[in-house]
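What follows is the structure, given as structure tokens:
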């Protein structure tokens, strides 16, 4: 007898007991749908952590101690959305009898607000403006200096040793203490440093990886040691993202382990309920292999249909939620990886779409082993006597 024959009979067995079939179908369907959605949410959370971390200030790739022979136009290659030029200088800040030592970046304010979101963390005053002798300091630095918006601050750079006076245009508070205690921004109007070396914050388009851009830089002959991706600068974030992926895969594995036990028990009960029919088939010459094929076809048909419909429903759920995003600000207000925004956008990956249905079918096959053994191990005469 052909596989098609047993497939047809497996379908008839399932449709004959619609309530049991519907309950098992819904269990697999709901599991696949929700796990696809949760996997997409996990991918969206990872994307949000990366987006928040790189968009605040650093960019996807950071260039360090670049010579003035390397221009921003050189770094604007395919996949790069913007390159911000920053000239760093360690400065001693003084206001009256209060001092603080931080790194001041001379920047072009009009370009900074195109890609960097530091301006959104302004808590008092305003972001620096072009053609102004402005300095933008953190609230922590302001507390150390007892400074407020509009106060003149004296700066002494390590490179030129010259004293300058800049006006505090505003205060920012990112919630990241290390950043707030270490950095300030000054508009490019004031000459804080004589150094010609500069740092670059390189922002990439969506879907572009830092490795792809850095490979282009290598082809252009740029020294690779001067550029670091966010993975190199934030290994803790990279590990956290990997941990999220492992945790989500583990959850998927455990869920279908439990679901498969339920399917196995349900089919065992279903077979015991109709054991006489299997005994009659064995008495008619149906082999153990064909019995195994019949039960496996029942389980496969159920799981394949449930998994496919779960894929469609899960994808639709991701599509509708991704259009508006999911606001988790209430749960991320103190998390440094969500310093810019707590909104996540679920993203459907190949792994998120294919792993749940694959495991549903795989564990479904495993779930058919016990019910199959119940029938195979019993002799025909024994089955017919029992029922």
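Numbering (the working numbering), first residue to last: 9 to 395. Even for Gly, the Cβ is constructed at its ideal location relative to N, Cα and C.
| message | Can you find the residues in the same chain that come closer than 7 Å, C-beta to C-beta, to residue 315, ignoring five residues on each side of it along the sequence? | response | 36, 40, 365, 368 and 369
| field | Among 102, 142 and 275, the one whose alpha carbon lies nearest that of residue 151 | value | Considering only alpha carbons, the answer is 102.
| message | Strictly by DSSP, which residues pair up with residue 172? | response | 163
| query | Would the segment 187-197 and the segment 135-144 be scored as touching if the rule is three or more Cβ pairs under 8 Å? | reply | yes
| task | Note the first and the last residue of the continuous alpha helix (DSSP H) segment covering residue 57. | result | 26-61
| query | Thinking C-alpha only, which one of 114, 238, 341 and 325 is nearest residue 361? | reply | Among 114, 238, 341 and 325, the Cα nearest to that of residue 361 belongs to 325.
| message | I'd like to confirm the pairing. Which residues does DSSP put opposite residue 334 in its beta bridges? | response | 352
| message | Given a cut-off of 8 Å on the beta-carbon distance, is the pair residue 351 and residue 334 in contact? | response | yes
| request: Grab the span of the beta strand (DSSP E) containing residue 132 for me, first residue to last. | output: 130-133
| query | For the segment 87-99 against the segment 119-134, are there 3 or more C-beta pairs whose distance is under 8 Å? | reply | yes
| field | Simplified DSSP state of residue 125, which is helix, strand or coil | value | coil
| task | Please classify residue 52: is it buried, with 16 or more other beta-carbons within 10 angstroms of its beta-carbon, or exposed? | result | buried
| For residue 71, the first and last residue of its enclosing beta strand (DSSP E) | Start and end: 69-74.
| query | By Cβ distance below 8 Å, which residues in the same chain neighbour residue 340 in space, the five residues on each side in sequence not counted? | reply | 346 and 350
| request: Determine the contact status of residue 64 and residue 271, defining contact as a CB-CB distance below 8 Å. | output: Between residue 64 and residue 271, the gap from beta carbon to beta carbon reaches 8 Å or more.
| query | Near residue 222, what residues of its chain come up, given a Cβ to Cβ distance below 8 Å and the 5 sequence neighbours on each side ignored? | reply | 69, 232, 235 and 237
| field | Uninterrupted alpha helix (DSSP H) stretches inside the segment 216-284 (no shorter than 4 residues) | value | 218-227, 238-241 and 243-281
| query | Measuring CA to CA, which of 75, 308 and 162 is closest to residue 105? | reply | Out of 75, 308 and 162, 162 has the C-alpha closest to the C-alpha of residue 105.
| task | Measure the Cβ-Cβ separation of residue 149 and residue 181 and say whether it is below 8 Å. | result | no
| field | DSSP three-state assignment for residue 311, whether helix, strand or coil | value | In the three-state reduction of the DSSP assignment, residue 311 falls in the helix class, which pools H, G and I.
| field | Reduced DSSP secondary structure (H/G/I, E/B, other) of residue 319 | value | helix
| request: Count the other CB atoms, across all protein chains shown, that sit within 10 Å of the CB of residue 481; report buried if there are 16 or more and exposed otherwise. | output: Coverage of the chain is limited to positions 9 through 395, which leaves residue 481 absent and any answer about it impossible.
| message | Relative to the C-alpha of residue 375, which candidate in 27, 208 and 269 has its C-alpha closest? | response | 269
| Going by Cα to Cα distance, which pick from 23, 42 and 29 is closest to residue 263? | 42
| query | Among 323, 94 and 176, which one has its Cα closest to the Cα of residue 47? | reply | 323
| query | For the beta strand (DSSP E) that contains residue 369, what are its first and last residues? | reply | Run containing residue 369: none in the beta strand (DSSP E); it sits in the alpha helix (DSSP H), 358-375.
| field | Within 8 Å, strictly: CB atoms of residue 173 and residue 97 | value | no
| query | Whose CA, out of 86, 317 and 24, lies closest to the CA of residue 228? | reply | 86
| Do you know offhand how far residue 82's Cα is from residue 210's? | Looking at the two C-alpha atoms, the distance is approximately 12 Å.
| Quick one, are the C-beta atoms of residue 157 and residue 176 less than 8 Å apart? | Yes, they are a contact pair.
| query | In chain order, what residues of the same chain have a beta carbon less than 6 Å from the beta carbon of residue 318, not counting five sequence neighbours either side? | reply | 37, 40 and 41
| Alpha carbon to alpha carbon, how far is residue 71 from residue 207? | 5 Å
| query | Is residue 250 buried or exposed, if buried means 16 or more other CB atoms sit within 10 Å of its CB? | reply | exposed
| said: Quick check on residue 244: buried or exposed, where buried means 16 or more other Cβ atoms within 10 Å of its Cβ? | reply: exposed
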